[in-house]
Each structure stands twice: as C-alpha cells, then as structure tokens.
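Quick notes on the structure that follows.
Residue numbers (this note's numbering), protein chains in the order written: chain F, 201 to 311; chain D, 2 to 191.
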C-alpha cells in the first residue's frame, strides 16, 4: 500500500502528541528534580514532603504535578489540532533518554 | 509456614506488581505492534482492540501499584535509621548495605537509580494507554504517533527492568524484613 492509499486519519494527532510530550516532560522534571536534590542540601530538605519516604516523596510529587498540568495544558492547546508530530516525537524521545541518563548515579556524580 | 508483614509487602511489590508488569510489557510491545500494523477483518480488530484496551489499563494499575507500594510502604522500612550503637543491622537494609564496601554499591548505584527510574514506567504506560484508548484502530493511520507510543512502551519496559533487577539484588543482599508475623499454614512436625 503506498501513501496515497492510506486512509485519512479521523482523529487529529494533537491529543496523542500532547500526552507523549507531557509524559516526556514529566519524566525529565523528575530526573532534574532528583539531580537538584542530590546537589543541594537545601533543595533536598525542601523535597522532604513525607518524612518516612524522604526527598523521593517530593521529587515524584513535583514531577507528577508538572506532568499532569503540562498534559492538561497541551491537551487544551493541541487536543483538536494536527501538530508537527515528527518534531514532537524527536523532542519527547530525546527528553526520555536524557531523563534516564540523568538518573544514573555515575553520571549524576560526574556533573 | 510464616511470612512477616514486611516480607509480604515486598513480595506483593516485586512479584505481584513488578514482575507481572514486566511480563505484561513484552506482551504489550508485540500486541501493539501487531495491532497497528496488521490489516485484519473489522470484527476481529474490534475484539482485539477491546482486549488491548483492558490489557493496557491493567498495566497502568500494575505499574502505579508497584511504584506507590515501593515508595510509600517498603522504602520507609528500607531507609529507616538505626538507633546509635546498633550492632545487628538486619532490620535496617540501607545501613546494612552501607556498612560494607563490598555491598555499598547496591545502595549507592542500585537503589539510587531504581528509586527514580522506576517512575518512568507508570508515566510512560499511562500515556500509552491514554493514546490507545483515544485512538484505537485510528492509530494505524498515525505512523509517527504509533512509533512514539511503541518507543515509550520500550522505555517503560527498560525502566521497569532496571528497577526489577536492582530490586531483586537488593532483596538478596539486604532483604526488608521484620514486622508482624503472618502464619500461612501450620505444617506437621516430622
């Protein structure tokens, strides 16, 4: 089947792109917040939302809030639109890879 | 046959939620790929789509259950501070690992990475489930979007794999134990 035979998408790609980019941003915020907590005692203590779990509670709560807020915002902006998905894909995957690297302790120690 | 409350929750977290999620990930990768690339009959596709939607929702529940029990039930027991002068560190896994240079890396590399990377799994799979619930069969018409979705399932699999591997190794070297004892069955004395 060549491209001209492909059926035209019924649902615009904006909603999917919004969900994907928001997930990548949420993951990246988690990695950056964890990194910041590792480098600064002040940030680390301010992330101590729930004492038994320690700073991890703040890192994950902040990341989840940013993820959900970003998702809501992007869904509102892009939900019914067709967006440049190739670029959003590339940015999302780059953020995801950076997030994984930024949580890897030997890399955190190097920076 | 007995199990302590802490061991029970560790079992639920690792085997009940984590391992099941890892198994489900490989299935999701194959099933999603097959679904969005096949040209099956409409009736068959509708049935597959319904199944895959339920499957992905179950994965979302498993992933969130794994990280939430990990962070808020087991991790506090793992990182509990030992009272000064404690000789037996069996009830303080983090301190036990840090007390020897040969095991310290399981905490400083293993747990430090696991406690953060694990969260990428539920975030990614929630996105994947949302996209599939919203687009369903229409995902066949969005090549770029489905490439991204499959990449996120793979990322979720890798994240859960790293967390699962270190979880298993940490449990081997410094298991979370203690708490109330649950008697599962009473065996006969030989």
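All C-beta atoms in this analysis are idealised placements derived from N, C-alpha and C, irrespective of residue type, glycine included.
Enclosing beta strand (DSSP E) for residue i [first to last residue]
i: residue 184(D); result: 182 to 184
i: residue 260(F); result: Note, residue 260(F): premise wrong, no beta strand (DSSP E); alpha helix (DSSP H) at 255 to 278.
i: residue 5(D); result: 3 to 5
Same chain only: Cβ atoms within 8 Å of residue i, ignoring 5 sequence neighbours per side
i: residue 59(D); result: 25
i: residue 299(F); result: 224, 227, 228, 230, 231
i: residue 115(D); result: 163, 164, 167, 168, 171
i: residue 27(D); result: 158
Any chain F beta carbon closer than 8 Å to residue i
i: residue 139(D); result: yes
i: residue 145(D); result: yes
i: residue 156(D); result: yes
i: residue 164(D); result: no
i: residue 128(D); result: yes
i: residue 79(D); result: no
i: residue 10(D); result: no
i: residue 88(D); result: no
i: residue 183(D); result: no
i: residue 177(D); result: no
i: residue 3(D); result: no
i: residue 15(D); result: no
i: residue 148(D); result: yes
i: residue 116(D); result: yes
i: residue 1(D); result: With chain D represented from 2 up to 191, any question about residue 1(D) goes unanswered, as that position is not in the structure.
Contact with chain D by residue i, beta-carbon distance below 8 Å
i: residue 261(F); result: no
i: residue 289(F); result: yes
i: residue 243(F); result: no
i: residue 258(F); result: no
i: residue 272(F); result: no
i: residue 267(F); result: yes
i: residue 249(F); result: no
i: residue 226(F); result: yes
i: residue 300(F); result: yes
i: residue 292(F); result: yes
Contacts around residue i, its chain only, beta-carbon distance under 7 Å, and the 5 residues preceding and following it disregarded
i: residue 4(D); result: 183, 185
i: residue 303(F); result: 231, 234
i: residue 292(F); result: 220, 221, 224
i: residue 65(D); result: 123
8 Å Cβ cutoff met for residue i and residue j
i: residue 210(F); j: residue 139(D); result: yes
i: residue 123(D); j: residue 61(D); result: yes
i: residue 311(F); j: residue 156(D); result: no
i: residue 177(D); j: residue 107(D); result: no
i: residue 275(F); j: residue 218(F); result: yes
i: residue 216(F); j: residue 282(F); result: no
i: residue 87(D); j: residue 13(D); result: no
i: residue 220(F); j: residue 264(F); result: no
i: residue 119(D); j: residue 68(D); result: yes
i: residue 57(D); j: residue 162(D); result: no
i: residue 37(D); j: residue 141(D); result: yes
i: residue 137(D); j: residue 50(D); result: yes
i: residue 266(F); j: residue 247(F); result: no
The alpha helix (DSSP H) enclosing residue i, as first and last residue numbers
i: residue 307(F); result: 305 to 310
i: residue 114(D); result: 113 to 118
i: residue 240(F); result: Looking at the DSSP string, residue 240(F) is not in any alpha helix (DSSP H), and its letter there is neither H nor E.
i: residue 211(F); result: Premise fails: residue 211(F) is in no alpha helix (DSSP H) and is neither H nor E.
i: residue 250(F); result: That residue, residue 250(F), is in no alpha helix (DSSP H); it is neither H nor E in DSSP.
i: residue 94(D); result: 94 to 99
Beta-carbon proximity list for residue i, same chain, < 6 Å, skipping 5 on both sides
i: residue 175(D); result: 94, 97, 98
i: residue 125(D); result: 153, 156, 157
i: residue 279(F); result: 214, 215
i: residue 15(D); result: 168
_Within the stretch 33 to 84 of chain D, ranges of the beta strand (DSSP E) (whole runs, at least 3 residues)_ = The stretch 33 to 84 of chain D contains no whole beta strand (DSSP E) run of 3 or more residues.
*Fully enclosed by the stretch 136 to 191 of chain D, which beta strand (DSSP E) runs are 3 residues long or longer?*
As summarised for the stretch 136 to 191 of chain D, the continuous beta strand (DSSP E) elements at least 3 residues long and confined to that stretch are 182 to 184, given in chain order.
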